[in-house]
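Student: I have a structure here, written as structure tokens, and I will follow up with some questions on it.
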């Protein structure tokens with residue numbers, strides 16, 4: 001990929017890959033705080049958003065139309081993507097299959113299930129971060145550029 005060009009009007013290019021990673025870190029901290037306040041709905045939604053925001057960073061660098069546009073689209077696509085590590089696919093499934101509290105079915109929430117959702121989000125975020133850093137390293141060592149240490 002060439003250099004990043006910001007487009008404030010575009011859903012994906014309004015932030016750089018590094019800014020998407022930073023936004024995902026902020027979102028996962030908000031999810032942690034929501035779980036601590038016993039707001040499981042906000043915590044789980046925040047964990048899913050954090051993972052999706054980080055995946056936006058990877059999507060900029062490795063465009064893939066099958067990932068869709070929404071955070072949930074990204075998670076669904078990666079849960080079935082054999083090119084990503086199994087741990088990432090499994091983490092996506094955890095986030096997708098963890099039921100939101102409320103509705104017709106009562107989902108028992110525990111600190112352990114909340115932490116499982118947060119860990120799944122962190123695993124997906126780590127994968128996206130690795131993609132961003134891998135591309136940054138390649139860009140830093142492109143032909144014509146002196147190798148950076």
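In UniProt numbering, the protein residues as written are 1 to 149.
The beta carbon of each residue, even a glycine, is placed where N, CA and C say it ideally should be.
Only a predicted model underlies this, so the values are computations on that prediction, with no experimental measurement involved.
(1) Among 46, 142 and 130, which residue has its Cα nearest to the Cα of residue 58?
(2) Relative to the C-alpha of residue 94, which residue among 133, 23 and 45 is closest?
(3) Once DSSP output is grouped into helix, strand and coil, what is the label at residue 13?
(4) Where does residue 84 fall in DSSP's three states?
(5) Assuming the contact rule is C-beta atoms closer than 8 Å, residue 114 and residue 24 should be a hit. Round their C-beta distance to whole Å, please.
(6) Can you tell me where the alpha helix (DSSP H) holding residue 114 begins and where it ends?
(7) Skipping 5 residues on each side, what residues in its chain have a beta carbon closer than 6 Å to that of residue 8?
(8) Based on Cα-Cα distance, which residue from 124, 134 and 89 lies nearest to residue 80?
(9) Tell me which residue opens and which closes the alpha helix (DSSP H) that residue 53 is part of.
(10) Determine the DSSP secondary structure at residue 3, reduced to helix, strand or coil.
Tutor: This is what the structure holds:
(1) 130
(2) 45
(3) coil
(4) coil
(5) At roughly 18 Å, the Cβ-Cβ gap does not stay under 8 Å, so residue 114 and residue 24 are not in contact.
(6) 111-140
(7) 14
(8) 89
(9) Note, residue 53: alpha helix (DSSP H), 40-61.
(10) coil
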